[in-house]
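One structure below.
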Amino acid sequence: MYLIIYYYIDVPINNYMDISNKFLFEAYQQVVEKRVQPDPTTDESLNQFLTKRLAGAEKLASSSQHKGGFATLTAIHYKAKLKPYKEAEKMEKSPNKDCDKCNAHYKKMAMELHSKLADLDKLSQKEFQSLMGELEVYGEVYIRATKPESLKI
Numbered sequence: 012m013y014l015i016i017y018y019y020i021d022v023p024i025n026n027y028m029d030i031s032n033k034f035l036f037e038a039y040q041q042v043v044e045k046r047v048q049p050d051p052t053t054d055e056s057l058n059q060f061l062t063k064r065l066a067g068a069e070k071l072a073s074s075s076q077h078k079g080g081f082a083t084l085t086a087i088h089y090k091a092k093l094k095p096y097k098e099a100e101k102m103e104k105s106p107n108k109d110c111d112k113c114n115a116h117y118k119k120m121a122m123e124l125h126s127k128l129a130d131l132d133k134l135s136q137k138e139f140q141s142l143m144g145e146l147e148v149y150g151e152v153y154i155r156a157t158k159p160e161s162l163k164i
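Add 11 to a position in the sequence shown, counting from 1, and you land on the number used in the working numbering.
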């Protein structure tokens with residue numbers, strides 16, 4: 012498939028090109044556009060990252076809540092992410108932001124949540140999903156803030 016697409020890159024699209032050639036050329040253009048877009052983990056600000064992640068968590072929490080059944084655990088997981096994302100957004104947008112204090116807070120919260128997971132026998136499914144959701148947020152925000160290059164896709 013790659014060779015066929017490569018072959019058609021130099022063929023101009025005009026009235027004489029048949030439908031299949033146009034399709035292949037358009038498919039090739041889409042692949043190239045996706046490959047050359049900048050890596051969002053390095054070009055986005057932390058605020059943009061948080062805004063997008065919060066929106067995604069809100070959407071998944073809502074859609075899984077509507078499904079019900081076992082998807083309720085997914086809803087609990089994503090609902091738990093909302094408060095930490097909002098907290099991190101607020102901290103990052105603060106005019107008096109101290110990056111070191113913010114990062115220390117994210118790490119402290121992640122470590123506290125991690126320690127709560129030590130005794131699984133004491134946790135319910137709901138508690139586990141909630142803790143994991145919060146832990147994921149604090150962990151990913153800490154890593155994104157301190158090592159943005161480590162998240163390359």
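We treat Cβ as the ideally placed atom computed from N, Cα and C, and that holds for glycine.
If you're wondering where the values come from, they're calculated on a predicted model, not measured in any experiment.
{"query": "Quick one, which of Glu37, Pro95, Asn58 and Gln76 has its alpha-carbon nearest Glu145's?", "result": "Pro95"}
{"query": "If you follow the alpha helix (DSSP H) that Gly67 is in, where does it begin and where does it stop?", "result": "Leu57 to Lys78"}
{"query": "What number of angstroms, rounded off, separates the C-alpha of Pro159 from the C-alpha of Glu103?", "result": "15 Å"}
{"query": "Determine the DSSP secondary structure at Thr52, reduced to helix, strand or coil.", "result": "At Thr52, the pLDDT of 49 sits below 50, so the modelled position is not reliable; the number obtained from the coordinates is stated separately. In the structure shown, Thr52 sits in a helix (DSSP, three-state: H, G or I)."}
{"query": "Is the CB-CB distance between Tyr89 and Tyr117 below 7 Å?", "result": "no"}
{"query": "Skipping 5 residues on each side, what residues in its chain have a beta carbon closer than 6 Å to that of Glu69?", "result": "none"}
{"query": "Where does Lys101 land, buried or exposed, given buried means 16+ other C-beta within 10 angstroms?", "result": "exposed"}
{"query": "Please name the residue in Lys119, Lys97 and Thr157 whose C-alpha comes closest to that of Thr62.", "result": "Lys97"}
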